[in-house]
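Here the structure comes first, spelled out in structure tokens, and everything after it is commentary.
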Amino acid sequence: MHLENDLRNALQQNEFYLVYQPQLDITEGNFQSVEALIRWQHPEQGIISPLDFIPLAEENGLIIPIGEWVLRTACAEAVQWHNNGQCLDVAVNLSPMQIKDSELVNKVLGILTETGFPPNQLVLEITEGALMEHNENTLTTLHTLRNHQIKIALDDFGTGYSSMNYLRRLPINYIKVDQSFVRDLLDNKDNLAIVRAMISLSMNLGFSVTAEGIETLRQAQVLKYFGCNALQGYYFSKPISAEKIHCLLNQKW
Ligand code: G
Ligand code: G
Ligand code: MN
Ligand code: NA
Numbered sequence: 007m008h009l010e011n012d013l014r015n016a017l018q019q020n021e022f023y024l025v026y027q028p029q030l031d032i033t034e035g036n037f038q039s040v041e042a043l044i045r046w047q048h049p050e051q052g053i054i055s056p057l058d059f060i061p062l063a064e065e066n067g068l069i070i071p072i073g074e075w076v077l078r079t080a081c082a083e084a085v086q087w088h089n090n091g092q093c094l095d096v097a098v099n100l101s102p103m104q105i106k107d108s109e110l111v112n113k114v115l116g117i118l119t120e121t122g123f124p125p126n127q128l129v130l131e132i133t134e135g136a137l138m139e140h141n142e143n144t145l146t147t148l149h150t151l152r153n154h155q156i157k158i159a160l161d162d163f164g165t166g167y168s169s170m171n172y173l174r175r176l177p178i179n180y181i182k183v184d185q186s187f188v189r190d191l192l193d194n195k196d197n198l199a200i201v202r203a204m205i206s207l208s209m210n211l212g213f214s215v216t217a218e219g220i221e222t223l224r225q226a227q228v229l230k231y232f233g234c235n236a237l238q239g240y241y242f243s244k245p246i247s248a249e250k251i252h253c254l255l256n257q258k259w
């Protein structure tokens, strides 16, 4: 497999980079956090989406060093914005294999120390699917991260089958309502009722709710009315490069 060999070299060749998608804080009406998203600048094939190489990296274990690179790079770049007076939180996606890695906590703490990024401004995004394959170690890992002030977000919420009763016992700060719900939100009354219930239940259990994949003003208005705490999507901004983060500074909604 060509792509697999190329993937092995990509880290050494410095072919990965991060883009950041802003998340609008509804109460403040401005951008308070960003989600880091990896991109691969392949020498011949151009930019390759994580959809096309993360699954491969999970199969062959390369996701462990790649995931470490993502964390270190996101924290290091964000320290620069902090130094420039932009104290954004940074969310990083973790793959299931990283969550099962017994060295995860040590690696995260090491990177925070090394970069000087504040733990309480780091959010680790974990998919509902990954949490459901959980075992005792996963739970211990999440609690340890929380004890160090690192925040946890449940990504792609609604696409798995976990019960709220189960979720409420997990040390999670944020629920991210999956894009598919936002896309279908205004199609009919049932979809509207489902999303509204998801949001109010999450909020009543003490989670902060972020909705993803917002592409229209109408979607944003409805989700704000339903009580979402934060909104993310192309309507507000596509993922942007680290150099453009300063453009978010005076944007209001
Ligand atoms: O940004 P984009 O829509 O191309 O991302 C596609 C998928 O890849 C999303 O599910 C996203 O969560 C995932 N992804 C993006 N960056 C990372 C990363 O750094 N690590 C992991 N594990 N997944 C990522
Ligand atoms: O699985 P996760 O939620 O981490 O996926 C995030 C991905 O969703 C990113 O790759 C980002 O590029 C993509 N994304 C973000 N906002 C929108 C949007 O408004 N519409 C669509 N179609 N994709 C989006
Ligand atoms: Mn995510
Ligand atoms: Na998601």
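Our numbering applies: residue 7 is where the sequence shown begins, and numbers increase by one. Virtual Cβ for every residue (Gly too), placed ideally from N, Cα, C.
When C-beta atoms of the stretch 143 to 157 are compared with those of the stretch 57 to 68, fewer than three pairs fall below 8 Å, so the two segments do not count as touching. Excluding sequence positions up to five before and after Asp58, its CB lies less than 7 Å from no other CB in the same chain.
Nearest C-alpha to Asp12 among Val188, Val98, Leu68 and Thr147: Leu68. Burial state of Lys182 is buried, judged by a 10 Å Cβ sphere holding 16 or more other Cβ atoms. For Lys182, the three-state secondary structure derived from DSSP is strand. Taking the CA atoms as reference points, Ser108 sits about 12 Å from Leu148. Within the same chain, and ignoring the five residues on either side of Ser214 in sequence, the residues whose Cβ sits closer than 8 Å to its Cβ are Asn179, Tyr180, Ile181, Asn235 and Ala236. Note that the stretch 245 to 255 does not touch the stretch 224 to 232; fewer than 3 beta-carbon pairs, one per stretch, sit closer than 8 Å. In the DSSP assignment, Gly52 falls within the beta strand (DSSP E) that extends over Gly52 to Ile54.
Look at Ser208 here: in three-state DSSP terms it is helix. In the structure shown, His154 adopts coil according to DSSP, grouped into three states.
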